């Protein structure tokens, strides 16, 4: 292994595993990196499935025990793409072994677990990052830049929504994302976490308190694999969460995360209103950022210009990027932080802070909770 | 006066007075009505200004005492376009005199006043209506029709915003709408009232409880007419209100009313998500209704077809209407209800219900309040 | 009649008659005018229908002979809202009688007629205007202002379309607009005329040559009133016209007028590209103008600000206007020109120029024709 | 080399080379393919640049003579990413050697060259494809499917534009794409070719005749590398082309290709109007297809559902794709055709047909030309 190469081991090979793999495979072709990742090993519970995933996605080997990944000397980075209930154990072990860790969001299923992970990260020689990939949409990164430059003035409002509809059908089965033991929470932790992070990232402000409501619209669903028996199980997570709050600096914030917004597929949206201007983003049109500088309209900026964040590495103006690029950008930033010896962003500490907001929303039931 | 003519007296001649006048002047040319309004008298505090308004807007006479309007035998309808602090007194007097009353929103500045008005309406031979004009946007009326027909299925979410930006400038003066004694509340009562009513109108459900926050971003402003002395006074109303709640039938609701959404001019928006479909409306594109029936997209319906509400009375498809038409439609419905001897909608009782939601939001400060 | 009042007589009471009436009735309430129009007389072939129209639309009298309108001393303005085959005769007679004339578009059914009308206008003491109402959309007027100020730089491209779909159904009857003897031409003269005028108006350049094609997709249609006999007649006008050309100053232009664009209701669109910027307008969203000043996007300007053309006379920002307002603005400008003793714009000479372009397109059949 | 592996050699490593490389590197990870491509060799004129490109983009070797690529036994596919002036020579040699060939568009710089290439393709055992990648946008493929299923009925109109603005600045240098000897033509061949192909692909109809105009707005530009001497050279290609025509089956078509549409970055647009419905696409929002089925609006379909063309291989609904995916899809289809022993689409014969339309436009100068 050359000094400039770092071995990567990935735990998990489902949706997140596929998209992370594509990012590891692609990042060096488009960015000049101080470290070249080498896709060493993928880990999954089924030998056969992990082997097929390795071949297809370009990993050199497949194993079934995540501990075996952490023990390898040729693995410098551990990429955790499993459900939330295993994040803490794997990440803490990897950090203890001095590995750099990138972990899918939400960081953990509870504040307690997240706090242990953040503590482990603080003590480890390894660097750690929580994979809030939407920060790396060029339009979202441009939004943050505009706010940081003061183009919007004092921030008054944040209005963020994450709208999906994939469980609207009451016959959709009781998958792991609908079980509290695996997923921690429902729409709140899965997608609500993204808009909390995005709101804080874009504005540079923190959520300091919230009041809100959650709801489970469909309370029982067919058990997976139950087939025609029609056996049902209880949905133990929220289907939707709506909450409002205050941000540091005095802005009001409004959030909504739901899997019941029929016709909305992956609408992560954020609008920020400042004293001088506003901006608006919707992931369903991910190459666009709408910006007002105080006049009678919003400008639809196609975020594909050479001087836009990340965009210059790819194609000419007007040739848009897709979902997977956000992960490629994330890994680029992670590798650069490792090489520079700096903390990647968002760190596990950032992930812990989001977890605290999630907990406050879960416990709110209509009462205002300050975020510790 | 023919049996089919009804005299109208209007109190107030500012913004609302102008748009109501245009509606009274126009309604008979486009709708076949059982009653023909006759624009008898306009009332304003300044003799000169009221006279000029009468000439310009087509009223036969101008007076300065609203009691003189109510006393006239040739006036059957009293149209109240004054600030909220005078609504109760005028409306109760007019109803006591047996007049039909249409009153601008919010119905009153307090729940107590609104309750007295609703009681007066219940006892009077006159009919009464509160002027939530946005119900009469063809697209909003079509939205209600779609929900009522069951096209959206069980309602899960209501997401309503009313975004303006006309007081973003801290040097904007302390007009009456920023004073609690005149206006009752700020963005909440002025525009928040509209989205509460619109949400209830479109879904046919009631807001049953809310929790939320209000904020005054700019706490002092130049006194009107103070000129270069630069004297400032205290803003005594909210600049913005954010709140979430529950609707009857189990839907979650999210509301936001603000005058600080830079770049948004008159964005009254509502999205409703149901088990089978969704709809979306934004008044800044008032001739459009976006509807999803569960597939991979929303249809932008241009609400100008002959079978769309109100639209058939006007122009061919694709020839849009404007803001003032909502008032023409409102008056058409009011006249039809009077002629039919039925209660117009929204009635003063509806206005009282909205007032109770406004009060709950004002008192919430982050705590859940059930609506009585 | 006060010196400042001018009597109006209108010929025709169908679609155009209704919208012109609404404009005459409304204009004085919203604009400070040097002349106040008085709606004296309406003329239609049926006594009964004309009488009903007069009562409904607010005209003092109804007559059945247009010559009687022209002969009246109390009529200073003649408003021609009839099909194109009668424009020349009526307008020339009215101008000969010294009346001011506003005439619906296209000015005439042939270049020859239009030339006679323009000559009559040049010799008359009366002022004349051809009713290209889309010039008076605030967004279109703002577009012209931006070009005139040089904000777009040298003009390179004009791309104009007028898309409707009201005759897509082959069973739609053979109405007068589909007959050459009444209408002169089809989509070309009816709506193609508008985009030619709009392109010239916005850019301040003239169409100097064209090459193009026309087509009649449905060649026979049921005769009106034939009922179940199913008798059909021949469509003698074009259903669609597509043409490209050159503008003075060197820009390329592309035009398309059709009644067969299924799903497009009244989509008059124009895009102009200049060396420094671009603009785009679509009448189906008539309160919006999209402007690029050379960067990575277009700004959606809501054309409802006090300093936008015509908009300040109406409502606050964000409260849009509708189709009929374009006529109110047109009449306002007409009255101001009459009072000022200047030529209204567009004049009959402008209408003649558009007619020459229409003729060139009709005769082109794929061959380039210079406009005389 | 396993039977299921095919070696690939690529000629050229600039813009097209980078995006083709990403496609070759990615295609097997997302599609189950009958043939696995192996990236054997890349060819460029500079040894150093070709070597760097090979390392970065994942090619096993780099060479400087394209003939060396064709002679290799381990190369089964030749991918031609050079300027148009070398397409014919390379492709004909590769086909003569029995290689499969994928060639960038336009197929050639002249009809004569394209005809020779199509003849060579017809005689070769190798399969050939011209790289009109926009056919492989999922939304464009869905558009074709809808037309083919008859959902739009008889086709009446095609309206296609390709709008860019990258040479608006008169100081932009005289790059090879602005020189006739290298590029054949300007906007016409570079991007006009795409909309001709897209129009034919989506509708299943052929362009049978055209009349139009071309223009070079900026006639001299700085020579590349001339630096401060400011030496200028003549632009020998068109900057823009506008043309209208007829399609087989009777539809009218309107086309526009320009590099002077300020603010438009890569707006390949097509609208098709049929007797029953319409569709609209703009590459600047490449994950959307707008479809009307005859009612009062268009549905914005997010083309990311599992049953949409190509989309099921990637991410869940609402997670959009980018520009490069069109090439990955193209190569997937190419490999499948090779394995199946069928002619890929679009073939060199298709490319020749587009070339004939381009020639007709170039020669038209306002006169109608039938396509042979």
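Protein chains in written order, with UniProt numbering: chain C, 1 to 372; chain E, 1 to 372; chain Y, 1 to 372; chain S, 1 to 372.
The beta-carbon is built from N, C-alpha and C at its ideal position, and this holds for glycine as well.
The structure presented is a predicted model; accordingly, all values stated were derived computationally and were not measured.
Helix, strand or coil for residue i? Go by DSSP, reduced to three states.
| i | result |
| --- | --- |
| residue 222 of chain Y | strand |
| residue 121 of chain C | helix |
| residue 1 of chain Y | Caution applies to residue 1 of chain Y, whose pLDDT of 39 falls short of 50 and renders its modelled position unreliable; the value that the coordinates give is listed next. Coil, per DSSP. |
| residue 172 of chain C | coil |
| residue 20 of chain Y | helix |
| residue 325 of chain E | helix |
| residue 229 of chain S | helix |
Would you report the Cα separation of residue i and residue j, rounded to the nearest angstrom?
| i | j | result |
| --- | --- | --- |
| residue 17 of chain C | residue 353 of chain C | 25 angstroms |
| residue 266 of chain Y | residue 319 of chain E | 7 angstroms |
| residue 335 of chain C | residue 163 of chain Y | 53 angstroms |
| residue 63 of chain C | residue 58 of chain S | 26 angstroms |
| residue 272 of chain S | residue 156 of chain S | 8 angstroms |
| residue 356 of chain C | residue 256 of chain Y | 59 angstroms |
| residue 213 of chain Y | residue 259 of chain Y | 15 angstroms |
| residue 33 of chain E | residue 249 of chain E | 37 angstroms |
| residue 461 of chain Y | residue 317 of chain Y | Because chain Y in this structure spans residues 1 to 372, residue 461 of chain Y falls outside the shown range and cannot be described. |
| residue 110 of chain E | residue 236 of chain E | 15 angstroms |
| residue 98 of chain C | residue 136 of chain C | 26 angstroms |
| residue 7 of chain S | residue 104 of chain C | 37 angstroms |
| residue 243 of chain Y | residue 55 of chain C | 56 angstroms |
| residue 195 of chain S | residue 345 of chain S | 16 angstroms |
| residue 177 of chain C | residue 132 of chain E | 43 angstroms |
Please list the terminal residues of the continuous beta strand (DSSP E) segment that includes residue i.
| i | result |
| --- | --- |
| residue 258 of chain Y | 252-258 |
| residue 206 of chain Y | Careful: residue 206 of chain Y lies outside any beta strand (DSSP E) and carries neither H nor E. |
| residue 299 of chain Y | 297-302 |
| residue 38 of chain S | 36-43 |
| residue 279 of chain Y | 278-282 |
Could you please give the first and the last residue of the uninterrupted alpha helix (DSSP H) stretch that includes residue i?
| i | result |
| --- | --- |
| residue 195 of chain S | 193-203 |
| residue 61 of chain Y | No alpha helix (DSSP H) contains residue 61 of chain Y, which is instead part of the beta strand (DSSP E) from 61-63. |
| residue 145 of chain Y | 138-148 |
| residue 57 of chain E | 47-57 |
| residue 71 of chain E | 66-71 |
| residue 84 of chain C | No alpha helix (DSSP H) holds residue 84 of chain C; DSSP gives it neither H nor E. |
| residue 288 of chain E | No alpha helix (DSSP H) holds residue 288 of chain E; the beta strand (DSSP E) holding it covers 288-292. |
Could you work out which residues of chain S lie near residue i, taking near to mean beta carbons separated by less than 9 angstroms?
| i | result |
| --- | --- |
| residue 136 of chain C | Near residue 136 of chain C there are no residues of chain S at all, since even the closest Cβ is about 14 angstroms away, more than 9 angstroms. |
Starting from the beta carbon of residue i, find every residue of chain C whose beta carbon is closer than 9 angstroms, and list them in chain order.
| i | result |
| --- | --- |
| residue 285 of chain S | 285, 287, 288 and 320 |
Name the chain E residues whose beta carbon is nearer than 8 angstroms to that of residue i?
| i | result |
| --- | --- |
| residue 317 of chain S | 296 |
| residue 87 of chain Y | Neighbours of residue 87 of chain Y on chain E: none; closest Cβ ~21 angstroms, over 8 angstroms. |
Which bits of chain C does residue i rub up against, with CB to CB less than 8 angstroms?
| i | result |
| --- | --- |
| residue 265 of chain E | 296 |
Can you list the residues of chain E that residue i reaches, using a CB-CB cut of under 9 angstroms?
| i | result |
| --- | --- |
| residue 258 of chain C | 156, 157, 252 and 273 |
For residue i, which residues in chain Y fall below 9 angstroms Cβ to Cβ?
| i | result |
| --- | --- |
| residue 29 of chain E | 18, 21, 22, 25, 56, 57 and 58 |
Contacting positions in the region 295-308 of chain S - beta carbon closer than 7 angstroms to chain E: If the cut-off is 7 angstroms between Cβ atoms, the region 295-308 of chain S has 296, 297, 298, 299, 300, 301, 302 and 305 near chain E.
Within 7 angstroms of chain E by C-beta, residues of the region 340-367 of chain C in sequence order: Those residues of the region 340-367 of chain C placed with their C-beta closer than 7 angstroms to a C-beta in chain E are 366 and 367, ordered along the chain.
Interfacial residues, the region 31-53 of chain E to chain Y, with Cβ spacing under 8 angstroms: Within the region 31-53 of chain E, no residue qualifies.
Positions along the region 57-78 of chain S whose CB lies within less than 9 angstroms of some CB in chain C: Residues passing the 9 angstroms Cβ filter: 57 and 58.
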